[in-house]
Amino acid sequence: MDTGAAARATAAVPSIPRDDEGPVFREPWEAQAFAMALTLHERGLFTWSEWAAALADQIKRAQAEGDPDTGETYYRHWLATLERLIAEKGVATTENLHRYRDAWDHAADRTPHGKPIELRPEDFSG
Numbered sequence: 159m160d161t162g163a164a165a166r167a168t169a170a171v172p173s174i175p176r177d178d179e180g181p182v183f184r185e186p187w188e189a190q191a192f193a194m195a196l197t198l199h200e201r202g203l204f205t206w207s208e209w210a211a212a213l214a215d216q217i218k219r220a221q222a223e224g225d226p227d228t229g230e231t232y233y234r235h236w237l238a239t240l241e242r243l244i245a246e247k248g249v250a251t252t253e254n255l256h257r258y259r260d261a262w263d264h265a266a267d268r269t270p271h272g273k274p275i276e277l278r279p280e281d282f283s284g
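All residue numbers for the sequence shown refer to this note's numbering, where the first residue is 159 and numbers rise by one.
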């Protein structure tokens, strides 16, 4: 991960969980979601102020639906924000995002623990 880009992101989005060295993640997928947002920002899909506003909106909606906001769900909100902005910007449809999420879940279910998950055509058939 580009440490300069990560530092700029943590400066622009103060809610990012961090320590003295930069962002911190509880699970690998959180770092991957963070890196995807960095890449899309660097490619000009959104500004950090736009991102921060969308993330704050996502967190407010989740809290209104009962999220206890203990910090454990932060990157779930991050991922939901990423999916929402990707759909709003026309990069991918919500339906296509759901199709890939379902395929990924199917592939993960058949993959032994510790092995890499690989998507196959049959993962998309439901």
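Glycine included, each C-beta is placed from N, C-alpha and C at the ideal position. Remember, it's a predicted structure, so these values are computed and weren't measured experimentally.
*On the premise that residue 191 lies in contact with residue 233, defined as a C-beta separation below 8 Å, what is that separation, rounded to the nearest angstrom?*
With 8 Å as the limit, residue 233 and residue 191 qualify as a contact, their Cβ atoms being about 6 Å apart.
_Extent of the continuous alpha helix (DSSP H) run through residue 273_ = Following the DSSP letters along the chain, one finds residue 273 in no alpha helix (DSSP H), marked with neither H nor E.
_Contact under 9 Å by Cβ, residue 210 with residue 171_ = Yes, the pair counts as a contact, with Cβ atoms nearer than the cut-off.
*Touching by the beta-carbon criterion (3+ pairs, under 8 Å), the stretch 242–261 and the stretch 171–189*: The stretch 171–189 and the stretch 242–261 do not touch, with fewer than three beta-carbon pairs separated by less than 8 Å.
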